[in-house]
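Everything in the sequence shown is counted per this note's numbering, starting at 405 for the first residue and increasing by one. Built from N, CA and C at the ideal position, the CB exists for glycine as well. All values reported here derive from a predicted model rather than from experimental measurement.
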Amino acid sequence: MRVELRITSGSRAGQRELFDKSVISIGRHPLNDLRFDPERDPDASSRHAEIRILGDKATLHDLDSTNGTFVNGQRVAGERALFDGDLMAFGREGPAVEFHAVAAVPAPDKTRVGGSDAPAPAAPVASARPSAPRRDTTARIADAVQEQTGTLRKLVIALGVIVVLGAGAAYAIVHRSTAQAQARVDELLKRNDSLSATFEKTVGSMKGRVAGLDSALASSKRETDQIRSRIKGEMQKGGDADVEELSARLDLAEQRQRSIVSAGNVDYESIAAKNGPAIVFIAVQEAGDETMSGSGFNVSPSGLVVTNRHVVQDAQGRPAKRVKVIFNDTHGAWKAAHVIKVSATDELAFIKIDDAGTYPVVLGVAKQSSVRVGTPVAIMGYPLGTSTAGMGGDINKLNPKSTLGLGTVSKVLADTLQFDAYAASGSSGSAVFDARGFVIGVLFGGQTESNGRIIYAVPGTKLAAQMPPEGAGIIR
Numbered sequence: 405m406r407v408e409l410r411i412t413s414g415s416r417a418g419q420r421e422l423f424d425k426s427v428i429s430i431g432r433h434p435l436n437d438l439r440f441d442p443e444r445d446p447d448a449s450s451r452h453a454e455i456r457i458l459g460d461k462a463t464l465h466d467l468d469s470t471n472g473t474f475v476n477g478q479r480v481a482g483e484r485a486l487f488d489g490d491l492m493a494f495g496r497e498g499p500a501v502e503f504h505a506v507a508a509v510p511a512p513d514k515t516r517v518g519g520s521d522a523p524a525p526a527a528p529v530a531s532a533r534p535s536a537p538r539r540d541t542t543a544r545i546a547d548a549v550q551e552q553t554g555t556l557r558k559l560v561i562a563l564g565v566i567v568v569l570g571a572g573a574a575y576a577i578v579h580r581s582t583a584q585a586q587a588r589v590d591e592l593l594k595r596n597d598s599l600s601a602t603f604e605k606t607v608g609s610m611k612g613r614v615a616g617l618d619s620a621l622a623s624s625k626r627e628t629d630q631i632r633s634r635i636k637g638e639m640q641k642g643g644d645a646d647v648e649e650l651s652a653r654l655d656l657a658e659q660r661q662r663s664i665v666s667a668g669n670v671d672y673e674s675i676a677a678k679n680g681p682a683i684v685f686i687a688v689q690e691a692g693d694e695t696m697s698g699s700g701f702n703v704s705p706s707g708l709v710v711t712n713r714h715v716v717q718d719a720q721g722r723p724a725k726r727v728k729v730i731f732n733d734t735h736g737a738w739k740a741a742h743v744i745k746v747s748a749t750d751e752l753a754f755i756k757i758d759d760a761g762t763y764p765v766v767l768g769v770a771k772q773s774s775v776r777v778g779t780p781v782a783i784m785g786y787p788l789g790t791s792t793a794g795m796g797g798d799i800n801k802l803n804p805k806s807t808l809g810l811g812t813v814s815k816v817l818a819d820t821l822q823f824d825a826y827a828a829s830g831s832s833g834s835a836v837f838d839a840r841g842f843v844i845g846v847l848f849g850g851q852t853e854s855n856g857r858i859i860y861a862v863p864g865t866k867l868a869a870q871m872p873p874e875g876a877g878i879i880r
């Protein structure tokens, strides 16, 4: 089913979009299929809802949005069937969209020409010719039998040739397909055998050095061993289709192993030692007097802190009343600060510390991106704010202890980096470091359904491009 969505209110009112896919994601995040303006459509959530198509039926699913999803004025509890002309609203005062199913265009009538039925052509008139002499009836019957028998004999021979050729071709195709599948499996198993020895050595060298990675690698190794065993079993049974599926699974499992091994070989202790003092805990009093916390990092000795736009602004875009920062592992040493720049395009904001002094800075901000899928990263910030171990819970007596998280890059887009790592409330503004200890991203959010395991960051290249002159010296 093709779907047309007509936007009737909000920043995109009057626009239409056509979709021909089974799942249509809707929200303010740039990865959605139907995207609302992140500034002018605040009632819509980042990941607000999905339209799911199955055959000729469509359903609307609310993704635990903040302000709710409505169809014809009624709030959707979980999911609701959609019908042509239904009016959806994303937040009671949020943007509204009409749902329309687009009918397929009928094929042209081939029996009509130029808009009217073409007349049947007249039958040809046979020319008159003299008839041949009439033969004996017995002779005519014998000739007819001979003609029919000859035709049948030729047909039987032709069919026999076709059957033989078809059987031979089928055997050749099956044999070639089986040989190709066997060669593919042999190649995979041979490669995996050579990798196994490397993985075993890596597991031994990682024990106790990087918490959690050695067990993750051992678990991944067990997964590949199970797949190898199933592949061998399927080959003995001749299950080529299953072999292809299992081979693809083995490829993915090996990619995960390589990512874990790469992560295990990074010197995280050095990254933490060189950058930890520059990590900043941020406390904010919003325009409505609500208080919240976030993370950030310092990029100038005079005190220029990088964080997220939504850390220093509320949902309506109003600036914070008060901002204070405290550097990692400094007991009660709060510093007053104020916002000097908020990005109009990205989740970036820059805070200037009011108190004069010389402050620790991160090792560097990467000017050019070398990020690839599978690249290991370290994330430093304050997930869950003061609720984590060692933070004490009392913000007035705070002795901040940042959390070092490990992960890998799972997707690279022009304006967003995606990671397989962990983040939570309070992580916003955390610095994302590569193996050199340079900042390659600024964490700003995650996918709710992933329980904090799929998270997003503004690329370091965008941070470098928008850096105020005071922080230009940190760009590497």
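Cβ pair residue i, residue j closer than 7 Å
i    : j    : result
V884 : G811 : This structure cannot speak to residue 884, because the chain is shown only from 405 to 880.
A448 : F440 : yes
I844 : G850 : no
R406 : E502 : no
G768 : F837 : no
A868 : K771 : yes
G736 : Y786 : no
E408 : V506 : yes
D445 : S413 : no
G789 : S674 : no
R653 : I686 : no
K739 : I755 : no
N476 : L491 : yes
G700 : V716 : no
Sequence-distant residues of its chain with Cβ nearer than 6 Å to residue i (five each side left out)
i    : result
G809 : I783, A825, Y826
E690 : D718, A724
A485 : T463
V529 : Only weak support exists for where V529 lies, its pLDDT of 42 falling under 50; the value from the coordinates is given anyway. None.
S791 : none
E483 : T463, H465
S426 : I457
G692 : none
S633 : none
V746 : R713, A753
R722 : A691
G864 : V769, A770, V843, I844, G845
F474 : A493
E627 : A657
Proximity to residue i [Cα-Cα], best of the options
i    : options                : result
Q822 : S773, R432, Y860, N855 : Y860
E694 : A507, R726, V710       : R726
R479 : D488, F487, S469       : S469
V684 : D629, A741, G721       : A741
K866 : E497, G796, L708, I879 : I879
S773 : D758, L817, I744       : L817
S834 : R432, R776, V862       : V862
V887 : W738, I561, R840       : Coverage of the chain is limited to positions 405 through 880, which leaves residue 887 absent and any answer about it impossible.
Q419 : I744, P499, E443, T820 : P499
T884 : T711, L467, V475       : It is not possible to answer for residue 884, since the shown part of the chain is limited to 405 through 880.
P681 : G431, T473, P764       : P764
S429 : E443, R496, S450       : S450
P872 : I744, G796, P442, V670 : I744
Collapsed DSSP secondary structure at residue i in the structure displayed
i    : result
R634 : helix
K728 : strand
S699 : strand
Y672 : helix
A869 : helix
A530 : Low confidence applies to A530: its pLDDT is 41, below 50, so where it sits in the model is not reliable, and the reading given next is rough at best. Three-state DSSP puts A530 in coil, outside helix and strand.
R827 : One detail in the question is off: residue 827 reads as Ala in this sequence, not Arg. If DSSP states are grouped into helix, strand and coil, A827 belongs with coil.
T463 : strand
R713 : helix
L438 : strand
V567 : helix
P764 : coil
S706 : coil
S854 : helix
8 Å Cβ shell around residue i - same chain, five flanking residues per side excluded
i    : result
H714 : E751, S832, F848
Y672 : V614, A782, L808, L810
T762 : P705, S706
Residue i CB to nearest heavy atom of the ligand SAM below 6 Å
i    : result
F701 : The model on display carries no ligand, and the ligand SAM is accordingly not part of it.
Sequence-distant residues of its chain with Cβ nearer than 7 Å to residue i (five each side left out)
i    : result
G875 : V703, S704, L708
P434 : D819, T820
I799 : A687, T790
### Query
Just checking, does the segment 802-819 make contact with the segment 728-735 on the three C-beta pairs under 8 Å criterion?
Result yes; three or more Cβ-Cβ pairs closer than 8 Å.
### Message
Contact between the segment 696-716 and the segment 650-659 is defined here as three or more beta-carbon pairs at a separation below 8 Å; is this criterion met?
### Response
Segments in contact, no.
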